[in-house]
Amino acid sequence: MQKVISVVFLFIYIATVGGNLLIVVTISSSPALQGSPMYFFLTFLSFLDACFSSVIVPKMIVDSLLWRKTFSFKGCMTQLFAEHFFAGVEVTVLSAMAYDHYVAICKPLHYSSIINCRLCALLMVVAWTGGILHSMIQILFIFQLPFCGPNIIDHFMCDFYPLLELACTDTHIVGLLVVTNSGFFSILIFSLLLISYGVILLFLRAHSSEGQQKALFTCGSHIAAVVLFFIPCIFMYV
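Numbered per the working numbering, the sequence shown spans residues 3 to 240.
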């Protein structure tokens, strides 16, 4: 059964990484798309999705083929840092894309003056910085915990709650900090994104049906990405 699961996830992983890299290559090789902030953010998001998938899935596929599944402490910490780093960066990129859609729909005449190259570069710096800070805080929580006994993780990847169960001390306070750093911010940002799209929908009420359809078509894929990203995060960390 595990071999069947590994094959299924292998095909899903290849499709995910291949599709995201195809988006990156297509946009990067098209001069007409390179100057668009929307496609700039889409390229960055696709690159992050490919990286995030590569942090977790390959190890999971290999482990499903092995009888004895081992993970060194350094390897576990590396995976933990990488997954939260890319997730933290992706949160900022999704928020930047939502702001880009808001300006494009609600303030189209000022779009080129607001969403310029300088702002895009600044948002990317904020995204990388936020990802590093988020993952470093999480790692510091884990390094302060003493581990003893059977170091067996009941999970397919290294994450905080499975590691907290192995700690030889009271982890109630650390658990609350993890909920605050991951769960609370996920709920907050997810709520703000939903509110921003609510504002866009209210703004579209004054437009023609054709304009509404174009705007909804533009925002629909991003709303789906936001829901698919934040709902699992909220489910895991709250």
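C-beta: ideal position from N, C-alpha, C; glycine also.
Note that the coordinates shown come from a computational prediction; the quantities given were computed from them, not determined experimentally.
Whole-angstrom distance between residue j and residue i, CA atom to CA atom
i	j	result
C235	S184	8 Å
L67	N22	26 Å
V91	W130	6 Å
F83	I141	7 Å
M126	V95	8 Å
R207	T80	48 Å
I58	L111	43 Å
T171	S114	55 Å
S31	I154	46 Å
I14	L24	15 Å
I29	H174	46 Å
F46	V26	8 Å
H103	F187	22 Å
L178	F145	16 Å
F87	A17	23 Å
Y101	G133	19 Å
F205	L135	36 Å
V229	V128	22 Å
A226	M40	16 Å
L124	R70	46 Å
Secondary structure of residue i, DSSP reduced to three states
i	result
F149	strand
V9	helix
V3	Here residue 3 is Met; the residue named in the question, Val, does not match the sequence. DSSP places M3 in coil when its eight states are reduced to three.
V74	The identity of residue 74 in the sequence shown is Ser, whereas the question assumes Val. Coil, per DSSP.
L35	helix
I154	coil
W69	coil
V240	coil
Nearest neighbour of residue i, chosen from the options [CA to CA]
i	options	result
S56	P33, L12 and V91	L12
F162	E85, G20 and Y15	E85
L147	S97, V176, C53 and I134	V176
A106	V229, A217, Y239 and A226	A217
C150	L165, I189 and I63	L165
K61	F205, P110, G222 and H157	H157
I202	T220, I189 and S188	T220
F19	D51, A123, L35 and V181	The residue you asked about is not Phe; residue 19 is Val in the sequence shown. If we check each option's Cα against that of V19, D51 comes out closest.
I63	I155, Q4, S223 and L35	Q4
G222	L196, I58 and R207	L196
C53	I233, A89, A226 and T182	A89
I116	S48, F232, V228 and S38	S38
H224	S198, H136, Y239 and C122	S198
A98	F143, T182, I191 and V180	I191
G77	F87, A34 and C160	C160
I7	L135, D65 and F49	D65
T182	A34, C119, M238 and Q36	M238
F231	L44, Y41 and V93	V93
I72	A34, R120 and P152	Looking at the sequence itself, residue 72 is Thr, so the reference to Ile does not match. Ranking A34, R120 and P152 by Cα distance to T72 puts P152 first.
task = Taking only runs that begin and end inside the stretch 156-215, name each unbroken alpha helix (DSSP H) of 4 or more residues, in chain order.
result = 162-166, 174-180 and 187-206
Contiguous alpha helix (DSSP H) assignments of at least 4 residues, all confined to the stretch 89-126 = 113-116
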